[in-house]
Structures are given as structure tokens and as C-alpha cells.
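Residue 262 in numbering that gives the first Met the number 0 sits at position 263 of the sequence shown, with consecutive numbering throughout.
The beta carbon of each residue, even a glycine, is placed where N, CA and C say it ideally should be.
As C-alpha cells, the structure follows; a few thoughts come after it.
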Amino acid sequence: MISFTLRQLEYFLAVADTGSTVAASLAANVSQPAVSKAIRDLEECWGEVLFLRHHSRGLTLTTAGERRAVIARSLFKKASILNYTDGKTGLHGQIKIGLLSTLSPLYAPYIIKSLQEHFPNCNISFTEGDIHLLEEGIAHGQLDAAVLYDIPSTVKAKRLPVMELTPYLLLAANHPFLKPNTTEINLHDVAYEPYILMDLPHSVEYFLSIFHNNDIQPRIAYRSGSIETVRTLVAHGFGYSILTTAPKTTQCYTGKEIIEIPLKNIRPQKLCLLLPDEEETGLLGLAIKKAILDNAL
């Protein structure tokens with residue numbers, strides 16, 4: 000016999016997300032004593048301590064609490080989806096999306112809008128980070144979905160293909176290689192020039208593999224984990240770069256112009272949607288995929 004309620008799970012997850020029974024009570028729109036009682040009842044029911052109490056830092060999940068939270072999120076979400084009607088769900092609570100930091104500026108507004116339309120009763124939030132951070136978020140039940148590049152991984156999760164992004168060469172608008180009839184460039188033609196590397200976990204390996212596959216040793220002049228810093232350095236003539244994400248503007252932060260030129264014979268980077276392994280693709284995955292495809296370049 001099940002000896003706990005979905006309401007208790009909701010309060011438990013609210014405390015796990017906020018680190019405070021007071022904040023959780025505000026998020027769940029109930030009294031703080033009700034939240035505290037739900038936690039005590041679950042700990043008694045399961046025979047485990049779910050949270051460590053810190054006077055200065057609030058509440059943090061124990062190892063047992065983290066394990067229970069992963070299961071509780073999945074169970075709570077599946078139970079809520081039973082309210083599915085008329086193309087929209089009666090799902091309540093939080094939907095947490097992870098976005099690769101280089102993709103977030105392009106797609107976050109469209110994804111949020113799409114999810115608000117499909118899940119009007121939910122609070123939509125998102126986390127930005129590198130691939131490792133997003134994969135960990137999926138593995139530990141902290142994210143409901145993540146948008147990232149499809150690379151080999153040991154994380155047990157479902158991968159929904161979204162689209163392919165073709166790498167391009169980024170040059171200052173006044174670069175001597177640029178002629179009126181320039182439509183694409185061979186990487187060998189710029190290999191001797193200073194290279195500005197997009198320096199994020201996994202991105203580094205991917206971009207350097209482009210050079211390796213073409214038997215080129217890049218002259219790395221600068222590194223940055225910010226796509227806008229890379230674009231600005233290129234625009235000011237400090238070198239060239241290779242990117243896959245293409246902002247819908249040819250200006251950098253300082254107003255200087257940059258030009259995107261296709262590269263010859265470079266394999267594309269695959270974009271995918273990562274979902275918890277036990278989840279169906281469902282409306283959530285399809286809504287995110289549609290938001291990206293509808294607003295892709």
C-alpha cells in the first residue's frame with residue numbers, strides 16, 4: 000500500500016529546489032508548517048533522513064534525499080500528465096530546461112514561449128551551462144530536458160535528434176580573404192593565421208578535431224568561453240575563429256562587422272534534445288524541438 004501522497008512529494012521537491020521550507024511554502028502557496036510536516040512524514044515513512052539542516056545555509060539533500068528526489072520528480076511528473084486534455088497538459092509545478100550556453104541566446108525565448116503555450120499551468124525555468132553540467136542535470140533529475148550537441152556520453156538518457164549545424168569561418172569584415180564573390184573558404188587557406196578558440200568543455204575537442212581531420216595545426220592566439228568575446232576579438236582583427244552557432248546579427252558588441260563564411264568539406268555538428276531515460280519523448284520534447292526548428296537560421 001502506498002503510504003505517501005503526491006502533495007507530500009510536491010512539498011519535498013519544493014524544499015529540494017529552494018533549500019528552505021519557508022521558500023518552498025511560498026512556491027507551493029501553502030503554510031510553512033504544512034511543508035515541514037510533509038518532510039517529517041516522508042522521512043518517517045521511508046526511514047531515511049532526506050535533508051541536512053544548516054543554520055546558515057538552510058536545507059541540503061542527503062545522499063538518500065538526492066536518490067529519492069530523482070524518483071519523486073519522475074513520479075510526480077508522470078502523475079500530473081494524467082490531466083492531459085485538448086492538446087495541452089494539466090501539468091503543474093516546475094519544468095526545468097537546460098541550454099548549452101552558446102545556444103541559449105538564440106533559442107531560450109522561443110523555447111520558453113512554446114512551453115508556456117503547451118504547459119500554461121507550469122513555471123518554466125532554464126539553466127545555462129556546458130555539456131557536462133547539462134548531462135549531470137539530466138542524470139540527477141535536476142532537469143526535465145536539455146538542448147546540447149550530440150556527442151558520445153556515458154549518461155543514460157534519451158536523445159532526440161533536432162538538426163545539424165554546419166561550422167563556419169568567422170572573419171573580420173575587412174579581412175583580405177574576403178572578395179565580392181567569396182562563397183566559401185578552404186580551412187588550409189587561413190591555417191597560418193592566429194586562431195581564436197571557443198573554449199568550453201567538449202567544444203574544444205570538437206573544434207580542434209576539425210583541424211586534426213584536415214592535418215592542420217592551428218596557431219591558437221586566444222581562448223574564450225564566451226561566444227561574444229570570440230566574435231569581438233575576430234571583428235577587431237586579432238584572428239579568425241570557427242563556430243557553429245550563428246547569431247542573427249553581423250555586428251559584435253562593439254559595433255564592428257564580422258562575416259560568416261562557409262567552410263569546404265567540414266562535417267556538421269548534430270544538435271539534440273536530452274531527456275531522462277525513463278521519459279517518453281512526449282509533448283515536452285516535441286514542443287522544444289519545434290521551437291528550435293521554427294526559429295533556426
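Touch check for the stretch 94 to 101 and the stretch 142 to 155: three-plus C-beta pairs under 8 angstroms? yes
HIS139 versus VAL69: straight-line alpha-carbon distance, rounded: 6 angstroms
Considering only residues of the same chain and omitting the five flanking positions on each side of LEU12, which have a CB-CB separation below 7 angstroms? ALA68, ALA71, ARG72 and PHE75
Buried versus exposed call for GLU163 [16 or more other C-beta atoms within 10 Å across all chains shown]: exposed
Helix, strand or coil for LEU296 per DSSP? With a pLDDT of 44 at LEU296, under the threshold of 50, the modelled position of this residue cannot be trusted; read the value that follows with caution. If DSSP states are grouped into helix, strand and coil, LEU296 belongs with coil.
Residue nearest to ALA286 in terms of C-alpha spacing, selected from ASN212, LEU159 and HIS174: LEU159
Across the stretch 36 to 44 and the stretch 235 to 244, are there enough close Cβ pairs to call them in contact, namely three or more that are closer than 8 angstroms? no
Any contact between the stretch 175 to 184 and the stretch 114 to 126? By contact I mean 3 or more CB pairs, one from each, below 8 angstroms. no
Hey, could you find the ends of the alpha helix (DSSP H) LYS36 is sitting in? 31 to 45
Thinking C-alpha only, which one of GLY236, LEU232 and LEU132 is nearest PHE176? GLY236
The alpha helix (DSSP H) that contains HIS201, what's its start and end? Element bounds for HIS201: n/a, residue is neither H nor E.
Tell me whether PRO104 sits in a helix, a strand or coil according to DSSP, three-state version. helix
Would you mind stating whether LEU170 and ILE258 have Cβ atoms separated by less than 8 angstroms? yes
Sheet register partners of VAL146 (DSSP bridge): LEU98 and LEU272
Secondary structure at PHE75, three-state DSSP: helix, strand or coil? helix
Span of the alpha helix (DSSP H) around VAL229: 226 to 234
Since I believe ARG218 is in contact with HIS191 (beta carbons under 8 angstroms), could you give me their beta-carbon distance rounded to a whole number of angstroms? Correcting the residue type first, residue 191 is Tyr in the shown sequence and not His. Confirmed, Cβ separation roughly 7 angstroms.
Near THR165, what residues of its chain come up, given a Cβ to Cβ distance below 6 angstroms and the 5 sequence neighbours on each side ignored? PRO267
Residues in its own chain within less than 6 angstroms of THR59 by CB, not counting five upstream and five downstream? LEU51
Confirm, please, whether the CB-CB distance from GLY238 to LEU232 is below 8 angstroms. yes
Which residue from PHE3, VAL203 and LYS263 puts its Cα closest to that of ILE226? VAL203
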